[in-house]
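Undergrad: Pasting in a structure now, in structure tokens, and then I'll have a few things to ask.
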């Protein structure tokens, strides 16, 4: 059951994210979507900013009412590709 749910979250990320992601960013977003729900993510400002390659705004969206999962996403983005989330 968990594998199916994670697979659904991964499929969501693959289907709606238009920018190239590092493996760390992809993994973090799958976890984020798994916890948030695909429908909420698909309509999120975070996704809109991410697809516009506005990584600073996407990161800023993640800090609004920040949760541990969102913090993890920010850390993964910072660790991947030279601090991309904070450019």
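In the numbering used here, the protein residues as written are 1 to 87.
In this text, a Cβ means the ideal position worked out from N, Cα and C, and glycines have one as well.
1) Which residue's Cα is closest to the Cα of residue 18: 59, 61, 48?
2) Judging by CA-CA distance, which residue of 12, 21, 23 is the nearest neighbour of residue 35?
3) Let me know if residue 61 comes out buried or exposed under the rule of 16 or more other beta-carbons within 10 Å of its beta-carbon.
4) Leaving out the 5 sequence neighbours to the left and right, which residues in its chain are closer than 6 Å to residue 29 when beta-carbon positions are compared?
5) Are the Cβ atoms of residue 9 and residue 33 separated by less than 8 Å?
TA: In terms of the structure at hand:
1) For the residues 59, 61, 48, the minimum Cα distance to residue 18 belongs to 48.
2) 12
3) It is buried - the Cβ of residue 61 has at least 16 other Cβ atoms within 10 Å.
4) A distance below 6 Å between beta-carbons, with the five flanking residues on each side excluded, links residue 29 to the following residues of its chain, in chain order: 13.
5) yes
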